[in-house]
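Written out below as structure tokens is the structure these notes cover.
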Amino acid sequence: QVQVVESGRGLGQAGGSLQLPCVVCGRFDSINAMGWYRQAPGKQRELVAVITFRSSHPNYADAVKGPFTISRDSAKSPVCLQMNSQKPKDNAVYYCNAHLRYIIWGQGTQVTVSS
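If you use the numbering used here, the sequence shown corresponds to residues 3 to 117, in order.
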């Protein structure tokens, strides 16, 4: 069974940094891309950043360009979301997904940034 597992400490302060790693566990052929999304209370889930595995090309939501960086270490995983200069508006549940032959989502991890 293939699973996407998010980890990382989810508590931070405004202006600080957090890193969210994500790994894909189980047997699979290859990863086409992995991404991070977030959902704040009362809002729809939105893209944060995505990275392709063939070219390691990242794409970011306009709201996070600059402070956030997505990167990967190997052909399998993990993928890390580095969040710098955090703001309270970054409070949300962050979800990682992987594009295999299908898309699979992680359970999500709460990120709380205090002012």
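Every residue gets a Cβ at the ideal spot worked out from N, C-alpha and C, and that includes glycine.
> If V52 sits next to A35, beta carbons under 8 Å apart, how far is it from one beta carbon to the other, in whole angstroms?
Replying inline: As a working note, residue 52 is residue 50 in the sequence shown. As a working note, residue 35 is residue 33 in the sequence shown. Confirmed, about 6 Å.
> Helix, strand or coil: how does DSSP classify K67 here?
Replying inline: For this step, residue 67 is matched to residue 65 along the sequence shown. K67 falls in the strand class under three-state DSSP.
> Looking at the structure shown, is P23 part of a helix, part of a strand, or coil, going by DSSP?
Replying inline: Within the sequence shown, the letter at position 21 stands for residue 23. DSSP, read as helix, strand or coil, puts P23 in strand.
> Curious, which full-length beta strand (DSSP E) runs of at least 3 residues does the region 45 to 108 contain?
Replying inline: With a minimum length of 3 residues, the continuous beta strand (DSSP E) runs that stay inside the region 45 to 108 are 48 to 54, 60 to 62, 70 to 74, 81 to 85, 94 to 101 and 105 to 107.
>> With a threshold of 7 Å on Cβ separation, who are the neighbours of A100 within its own chain once the five nearest residues in sequence on each side are excluded?
In response: Within the sequence shown, numbered from 1, the residue matching residue 100 stands at position 98. Cβ within range, chain order: V6, V26, I33, M36 and I106.
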